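All remarks here apply to the structure that follows.
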Amino acid sequence: MTIPEALRFRAGLQVADIDPSATPGFDGSKADAAAVQAARSQRLAELQEMLYASSKGGDDHRSVLLVLQGMDAAGKGGIVKHVVGAVNPMGVRYTAFGKPTAEELAHDFLWRIRRALPPAGHIGVFDRSHYEDVLIVRVRNLVAPEVWGARYDEINAFERELVDAGTTVVKAAMFISLDEQKEQLLERLDDPTKHWKYNPGDIDERLLWPQYQEAYQAVLDRTSTDYAPWHVVPANRRWYSRLAITEMLIEALEGLQLSYPPADFDVETERQRLLSS
Ligand code: AMP
Ligand code: MG
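Here's what the structure looks like:
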């Protein structure tokens with residue numbers, strides 16, 4: 001079984017049963033993963049270039065959207081730096097979603113999301129996403145239960161629309177353990193060069209771990225669809241979560257059956273013109 005297959009959410013899976021240190025679909029060590037990662041990052045970069053080229057050279061409007069969700073210190077930033085960082089930034093549209101601004105709050109929750117969707121030929125990366133509107137918003141009662149409760153169906157309809165318009169939606173829910181989060185947050189405190197990543201509010205969310213587990217369970221149960229399935233990514237071992245999400249992107253891009261667009265000019269004629277210029 002490939003890594004993405006092993007991680008695809010299956011009905012009935014309980015968040016409480018996830019082993020954040022597991023490495024589903026990969027039985028090698030960290031050292032083995034390093035060699036595989038290098039080769040697969042290169043493959044990802046090639047595919048991304050083809051996706052970008054297809055949109056420039058023709059009328060291919062397809063795109064890919066990577067949705068990253070996870071508790072603080074789950075490694076979302078590392079995925080952006082190491083996995084997405086391996087491809088040409090020209091073809092990437094990255095957006096981090098924090099606490100909504102007053103302007104964003106004045107609109108429907110999907111308003112800011114729609115504005116950040118990847119253009120044709122791009123890989124969009126959502127560092128947090130519309131799922132915050134059924135995670136922190138649910139846990140912290142930021143809107144009435146009827147309002148967040150209606151959002152699961154709204155999200156499914158929204159993602160259906162994206163997929164129908166040619167966007168492959170790749171969703172990664174990254175799970176670290178409570179202990180691993182403590183280690184990671186401690187590292188941030190112990191290292192002055194990591195203080196910028198630390199937010200005192202992270203502890204407040206950490207104290208609500210069981211409520212978040214419940215909210216993540218609802219997300220998986222209610223928004224994993226055949227057109228936009230969730231992948232449950234164990235994230236205690238960062239080398240594994242990075243490889244896993246690399247493989248998920250490769251799978252999505254290979255599914256598009258990409259190829260370089262043919263020249264829309266005569267190559268020989270151009271060669272002669274160039275040589276005699
Ligand atoms: P970070 O990703 O660490 O920069 O933190 C961003 C913070 O913004 C997290 O605590 C998120 O839960 C929070 N956030 C993101 N989206 C929303 C939202 N729609 N409503 C409220 N808080 C949000
Ligand atoms: Mg943070």
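Residues 1 to 277, numbered by UniProt numbering, are exactly what the sequence shown covers, in order.
C-beta: ideal position from N, C-alpha, C; glycine also.
From a predicted model like this one, the values you see are computed outputs, not experimental measurements.
#1: Would you list, in sequence order, the uninterrupted alpha helix (DSSP H) runs of no fewer than 4 residues that lie entirely inside the region 48-117?
#2: If you count every other CB in all the chains shown that lies within 10 Å of the CB of residue 268, and 16 or more means buried, which is it?
#3: Just to confirm, are residue 134 and residue 151 a CB contact at a threshold of 9 Å?
#4: Mind listing, in chain order, the continuous alpha helix (DSSP H) runs of no fewer than 4 residues lying wholly within the region 112-158?
#5: Cα-Cα, which of 99, 259, 198, 80 is closest to residue 92?
#6: How many angstroms separate the CA atom of residue 34 from the CA atom of residue 239?
#7: Can you tell me the Cα-Cα spacing of residue 102 and residue 187, whole angstroms?
#8: On the criterion of 16 or more Cβ atoms from any shown chain inside 10 Å, does residue 18 qualify as buried, or is it exposed?
#9: Mapping DSSP to helix, strand and coil, what is residue 248?
#10: List, from N- to C-terminal side, the alpha helix (DSSP H) runs of 4 residues or more that fit wholly inside the region 162-246.
#11: From which residue to which residue does the alpha helix (DSSP H) around residue 267 run?
#12: By alpha-carbon positions, which one of 211, 95, 153 ends up nearest to residue 127?
#13: With a threshold of 7 Å on Cβ separation, who are the neighbours of residue 211 within its own chain once the five nearest residues in sequence on each side are excluded?
#14: Can you tell me which residues fall inside 6 Å of ligand 2, judged by beta-carbon distance to its nearest heavy atom, and keep chain order?
#15: Provide the residue span of the alpha helix (DSSP H) that contains residue 6, from first to last.
#16: Between the C-alpha atoms of residue 155 and residue 216, what's the straight-line distance to the nearest angstrom?
The answer reads as follows:
#1: Restricted to the region 48-117, the alpha helix (DSSP H) segments that are unbroken, complete and at least 4 residues in length are 102-105, 111-114, listed in chain order.
#2: By the neighbour-count rule (16 or more Cβ atoms within 10 Å), residue 268 is not buried but exposed.
#3: Taking 9 Å as the Cβ cut-off, residue 134 and residue 151 qualify as a contacting pair.
#4: Uninterrupted alpha helix (DSSP H) stretches at least 4 residues long and entirely within the region 112-158 occur at 136-139, given in chain order.
#5: In this structure, 80 is the residue among 99, 259, 198, 80 with its C-alpha nearest to the C-alpha of residue 92.
#6: The alpha-carbon atoms of residue 34 and residue 239 are separated by roughly 8 Å.
#7: Between residue 102 and residue 187, the C-alpha separation is close to 33 Å.
#8: Within a 10 Å sphere around the beta-carbon of residue 18 sit 16 or more other beta-carbons, which makes this residue buried.
#9: DSSP places residue 248 in helix when its eight states are reduced to three.
#10: Unbroken alpha helix (DSSP H) runs of no fewer than 4 residues, entirely contained in the region 162-246, are found at 178-190, 201-206, 209-223, following chain order.
#11: Boundaries of the alpha helix (DSSP H) harbouring residue 267: 267-275, taken from the DSSP string.
#12: Of the candidates 211, 95, 153, the one whose C-alpha sits nearest the C-alpha of residue 127 is 95.
#13: In chain order, 139 place their CB closer than 7 Å to the CB of residue 211, counting only its own chain and leaving out the 5 sequence neighbours on each side.
#14: After applying the 6 Å Cβ criterion, the set is 72, 199, 202.
#15: 3-7 is the span of the alpha helix (DSSP H), which, as asked, contains residue 6.
#16: Whole-angstrom Cα-Cα distance: 14 Å.
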